[in-house]
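Take a look at the structure below.
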Amino acid sequence: MCGIVGYIGKRDSQGILLGGLKKLEYRGYDSAGVAIHTKTGLELRKSKGRISELETRLEAQPLSGFAGIGHTRWATHGKPSDANSHPHTDNEMNISVVHNGIIENHLQLKAELEQLGYRFVSETDTEVISHLIAHHYKGDLPEAVRKAVSHLRGAYAIAVLSAHEPDKLIAVRWASPLIIGVGEGENFIGSDIPAILEHTRSVYILNDGEMAVLTRDNVELMTLEGNFIAKQLLRIEWDFVMAEKGGYDTFMLKEIHEQPRAYRDTMRGRLLEGTGISFPGTSLSARQIRGVKHIHIVACGTAYHAALIGKQVIERLTRIPVEVDLASEYRYRMPVIGANTLVIAVSQSGETADTLAAMREAKLAGARVLAITNVIGSSVAREADDILFTHAGPEIAVASTKAYSSQLIAFYMLGLFMARSLNTIDRAALTEMIAMLERLPYQVERLLEDKESIRRIAERISGREHLFFIGRGLDYSLAMEASLKLKEISYIHSEAYAAGELKHGSLALIEEGTPVIALATQELLLEKTASNIKEVKARGAYVIALTLEGNEELEKTADQVIYVPRTYSLFTPSVAVVPLQLLAYYAASIRGHDVDKPRNLAKSVTVE
Ligand code: HGA
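Under the working numbering, the letters of the sequence shown match residues -10 to 597, in that order.
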């Protein structure tokens, strides 16, 4: 989710690069940098922190030149620091590269390049690219870039500027977005449209495996095999506000749509060709897992709901007992913590005050702490013993969507990793589950194709002031998240209830027309939940059931049925959450609320 901008043309590039980077800063960045070809060769300025830090540095030491590349970073490999900021270069300062994505095989490439004498100065995965290009450069920059990327596995959108051929910029896309802006006597590269919108509305959208060679007067498009291709030049009609939301009305809707990408990025490099799970770059080992006797998960809000699912995943796969606590409760309840207790702290921002306090308490008591967080360099990441990063990218809407669902993916992988370490799962079952994990992004893409039916259901509930979500097992945990989402942004009061528990009291609240959203995705509990649906139906509830494709039986009882694709039962929340997010989203927008900034709430809760 980093931002990339590139310029080649008749104007001085520093201001254009800086302007483009500022337009991308809404995505929330941790460092920034530029490389410009000046009279004396390639020169870099880069800085940890916001773009204003880079700007200050450039004011003190300006750069002048007609070609340059710039980057705003959201770290995935290596903490935010000056050294880890992009652009990265080769040792001779002839090649500079900015990159968005993850290079899965960077450790192996790094070892090979070090053997050949290349020195690394950063902790990033990106740096292998600049050394690889240098290694392959034999007088033809596009050829060297093509050869270099042929070694890469993973996701990359890259822009390259070289002192060898300063009249060119090269752009390559594989699984991370990249566009080329076409001007008069100048051309641009952007990871996103806002980066270049001020200068041109004519763009080429690169597809995976495509490369562009830009000079000031020309753009050549080709495949990674070097074959030239023709592409339609598109005209962008969006204004800036639309462009920064990727054309969606709100950040929340954009982030809901980013989930397939977030799932892929969170799994990237961790699923070993279908046969295992590994967490390269983390210290978590099978030996440690074998020493774990109890697990405590601490989290707040949405992350707490992900933790409730994580508990069921880990317990089902490993049989290690797991307790889940609200972080704000954990530290005051004198939990029993021993040296063989693993504490898992879950926080999107890595700055949640209660979660931090709970994990500190646990560490003092002798526990090993594993963090699941989205932000490299955050306090939770710095203080934990082991870290499992989600790679959801920056989340701007206050109501979490892709961060929550990426936490679920992290828990699935962790559960499978633990199960393999403990031998509680055999290889064949693991292979099958990995294949199902890999299918999840496609299944979510398919669900997102039909938003209209969910919008119609949202119309039905948007006028109500109270409703219930019910479910059993994983569906109950998911119901809690669905209910929170609806409350946060639509301000409709809702309660999540274990479906079997309603009759112990709350059934009294069901009256004619009360909406009840019944989650019934767990095959083994289907009949039980169906009985609970009948119970509420008999009291006049308006029932919206959410179930797996093929369970048409529920149509006989429920007023509306939402279907989600089938996957391994433990993974179902990752598909089922999508219509529930959309339901909350549409209910809130129909009621006219500011979906991205709900009243009284802040994105990162850094107070207790
Ligand atoms: N892996 C690179 C780029 C990060 C990125 O694309 N983030 O969204 C890094 O960590 O610098």
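Built from N, CA and C at the ideal position, the CB exists for glycine as well. Because the structure is a prediction, the values reported are computed rather than measured.
Under 7 Å: does the beta carbon of residue i sit that close to some heavy atom of the ligand HGA?
i, result
"ILE91", "yes"
"ARG250", "no"
"ASP114", "yes"
"HIS88", "yes"
"ASN412", "no"
"HIS75", "yes"
"ARG257", "no"
"ALA24", "no"
"ARG62", "yes"
"GLY355", "no"
"GLY327", "no"
"CYS289", "no"
"GLY339", "no"
"GLY382", "yes"
Going by beta carbon distance, what residues of the same chain come within less than 6 Å of residue i, once the five residues before and after it are set aside?
i, result
"LEU203", "ILE(-3), LEU158, ASN176"
"ALA346", "ARG320"
"LEU141", "ILE92"
"ALA600", "This structure cannot speak to residue 600, because the chain is shown only from -10 to 597."
"PRO69", "ASP19, SER20, LYS37, GLY366"
"ASP585", "THR239, PHE240, MET241, ALA386"
"TYR608", "It is not possible to answer for residue 608, since the shown part of the chain is limited to -10 through 597."
"MET231", "none"
"GLU484", "PHE457"
Please state whether DSSP places residue i in a helix, a strand or coil.
i, result
"GLY(-8)", "strand"
"LEU167", "coil"
"ILE225", "coil"
"LYS282", "coil"
"LYS11", "helix"
"GLY290", "helix"
"ILE522", "helix"
"MET82", "coil"
"MET211", "strand"
"ASP129", "coil"
"GLN50", "coil"
"GLY339", "coil"
"ASP464", "helix"
"ALA356", "coil"
"ARG580", "coil"
"ALA146", "strand"
"GLN442", "Note on identity: in this sequence residue 442 is Ser, with Gln being the wrong assignment. Correct three-state label for SER442: helix."
"PRO587", "coil"
"THR556", "coil"
"VAL387", "coil"
"PHE55", "coil"
"ALA485", "strand"
"MET200", "strand"
"PHE458", "strand"
Leaving out five residues on either side along the sequence, give the residues of the same chain with a beta carbon under 7 Å from the beta carbon of residue i.
i, result
"ALA576", "ALA447, ILE450, SER451, LEU475, SER479, ILE481"
"THR413", "LEU306, THR307, ARG308"
"GLN432", "PRO554, THR556, VAL564"
Based on Cα-Cα distance, which residue from the options lies nearest to residue i?
i, options, result
"TYR107", "ASP114, LEU515, HIS120", "HIS120"
"LEU47", "THR29, ILE25, ALA56", "ILE25"
"PHE55", "GLU262, ASP464, GLU187, VAL23", "VAL23"
"GLU512", "VAL369, ARG453, LEU543, GLU524", "LEU543"
"LYS28", "LYS243, ASP156, GLU116", "ASP156"
"PRO249", "LEU426, GLU132, ASN216, THR546", "LEU426"
"ALA591", "ILE385, ASP374, ALA219", "ILE385"
"ALA399", "GLU132, ALA530, ALA296, ASN196", "ALA296"
"ILE365", "LYS352, ARG62, TYR237, ASN589", "ARG62"
"ARG428", "VAL564, ARG453, ASN196", "VAL564"
"LEU437", "PHE406, VAL566, THR503, MET422", "VAL566"
"GLY502", "ALA509, ALA547, ASN540", "ALA547"
"LEU210", "GLY280, PRO131, LYS136", "PRO131"
"ILE225", "GLU247, LEU242, ILE185", "ILE185"
"THR536", "GLU524, GLY581, VAL550", "VAL550"
"SER272", "ARG444, LEU411, PHE378", "PHE378"
"THR115", "ALA408, ALA133, LEU102, ASN89", "ASN89"
"ARG257", "TRP227, ILE423, GLU244, ILE122", "ILE423"
"ARG357", "GLY172, GLU340, ILE326, PHE268", "ILE326"
"CYS289", "PRO269, ASP254, GLU247, ILE333", "ILE333"
In chain order, what residues of the same chain lie with their CB nearer than 8 Å to the CB of residue i, ignoring the 5 residues before and after it?
i, result
"ALA198", "As written in the sequence, residue 198 is Gly, which differs from the Ala given in the question. Closer than 8 Å at the Cβ level, and outside the excluded window around GLY198, lie ARG162, TRP163, THR212, LEU213."
"LEU223", "SER191, VAL192, TYR193, ILE194"
"GLY404", "GLY299, VAL302, ILE303, ARG305, LEU306, THR307, LEU559"
Is any heavy atom of the ligand HEM found at a distance shorter than 7 Å from the C-beta of residue i?
i, result
"THR65", "Of the ligands one can find in the structure shown, namely the ligand HGA, none is the ligand HEM."
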